[in-house]
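Residue numbers (my numbering): 270 to 458. Reviewing the structure listed below.
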Amino acid sequence: MPRVSADQLAARRRQILDGARACFARYGYEGATVRRLEQSTGLSRGAIFHHFRDKDALFFALAERDAERMTEIVAEQGLVQVMRELLTSPERIDAGWTGTFLEIARRGRTDPGFRDRWRQHAEAITAATQARLERQARAGTLRDDVPVPVLARYLELVLEGLVSHLSMELPAEDLAGVLDLVEGAVRRR
């Protein structure tokens with residue numbers, strides 16, 4: 270029997286996660302049936318669940334992957350940049366972060382076990398946001414009349430509102446200007 274390389278296994282795992290993202294975003298966690306996951310990934314249930322214990326593990330792996338990428342972007346470019354990336358293709362909600370964010374919020378509200386497991390990822394995003402804001406404060410580019418934790422929470426709440434707005438397919442053409450305003454609100458004048 271031929272051995273499968275680590276690269277091949279990683280590629281298959283990415284394929285599953287990419288297909289699952291679209292499925293979870295389009296149908297929600299509950300509506301992402303095994304049949305729909307098979308259709309979305311182009312793989313059999315055996316292939317999917319060879320890599321992930323169950324649907325919950327698959328969704329959590331996807332959410333973790335998104336949180337890690339978001340934390341990287343926040344650390345390098347800030348939370349507003351994450352929001353700008355969400356705006357790049359709002360018509361493709363089912364293929365991007367927006368759908369995953371919505372499912373994370375819903376499951377966090379309704380599933381205490383998920384909420385507890387997710388907490389460390391949410392805290393990592395908050396920590397990255399605060400660290401970036403603190404670097405900006407030291408550089409003299411951040412407003413100094415509002416504490417950094419308050420500015421971080423403000424940006425997180427704007428992100429949540431943006432995700433909600435995009436998920437309802439409300440008009441998005443002026444949202445880049447809104448994000449310019451948000452960014453200006455945290456900068457030193």
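The beta carbon of each residue, even a glycine, is placed where N, CA and C say it ideally should be. What you are looking at is a predicted structure, and each value in this text was computed from that prediction instead of being measured.
Own chain residues within Cβ distance below 7 Å of R386, not counting five before or after: The beta carbon of R386 sits closer than 7 Å to the beta carbons of F329 from its chain, once the five residues preceding and following it are set aside; these are given in chain order.
Nearest-angstrom Cβ-Cβ length linking A406 and D413, presumed shorter than 8 Å: Approximately 7 Å separates the beta-carbon atoms of A406 and D413; this is inside 8 Å, confirming the contact.
Assigned secondary structure, R456 (DSSP; H/G/I helix, E/B strand, else coil): Residue state, collapsed to three classes: strand.
Local conformation of A279 per DSSP, three classes: DSSP places A279 in helix when its eight states are reduced to three.
Contact set for C292: own chain, Cβ-Cβ below 7 Å, skip 5 residues either direction: The beta carbon of C292 lies closer than 7 Å to those of A301, R305, L306, S309 in the same chain, with the five residues before and after it left out.
Secondary structure of L411, DSSP reduced to three states: When secondary structure is reduced to three states using DSSP, L411 falls in the strand class.
Residue nearest to V349 in terms of C-alpha spacing, selected from P440, V447, D443: With distances taken between CA atoms, V349 lies nearest to V447 out of P440, V447, D443.
7 Å Cβ cutoff met for T367 and V432: In contact: T367 and V432 (Cβ atoms closer than 7 Å).
Collapsed DSSP secondary structure at G347 in the structure displayed: G347 carries a coil assignment under DSSP once its states are collapsed to helix, strand and coil.
Opening and closing residue of the alpha helix (DSSP H) in which F318 lies: Taken as a continuous stretch (DSSP letters only), the alpha helix (DSSP H) holding F318 covers 314-320.
Assumed close pair G354, I373 - CB separation to whole angstroms, cut-off 8 Å: The sequence given here places Glu at residue 354; Gly does not occur at that position. Beta-carbon to beta-carbon, E354 and I373 are separated by about 16 Å, too far to satisfy the 8 Å threshold.
Candidates G297, G288, G347, R282, of which the one nearest T398 by Cα: Among G297, G288, G347, R282, the Cα nearest to that of T398 is on G347.
Nearest-angstrom Cβ-Cβ length linking H320 and R272, presumed shorter than 8 Å: Not a contact, Cβ separation roughly 16 Å.
Spatial neighbours of A445 in its chain, beta-carbon cut-off 8 Å, leaving aside the 5 residues before and after: Apart from sequence neighbours up to five positions away, the residues of its chain that approach A445 with a beta-carbon distance below 8 Å are R353, L356, ordered along the chain.
Three-state secondary structure (DSSP) of S274: When secondary structure is reduced to three states using DSSP, S274 falls in the coil class, being assigned neither helix nor strand.
Simplified DSSP assignment, three categories, for R361: Caution is warranted here: a pLDDT of 48 is assigned to R361, below 50, making its placement in the model unreliable, and the coordinate value is therefore given only provisionally. Assignment of R361 by DSSP, reduced to helix, strand and coil, places it in the helix class.
Cut-off 6 Å between Cβ atoms - residues of its own chain near G288, not counting five sequence neighbours on either side: The answer, listed in chain order, is S309, T310.
S313 versus I285: straight-line alpha-carbon distance, rounded: Approximately 10 Å, taken between the alpha carbons.
Boundaries (first-last residue) of the alpha helix (DSSP H) holding P418: Counting along the chain, the alpha helix (DSSP H) containing P418 begins and ends at 417-436.
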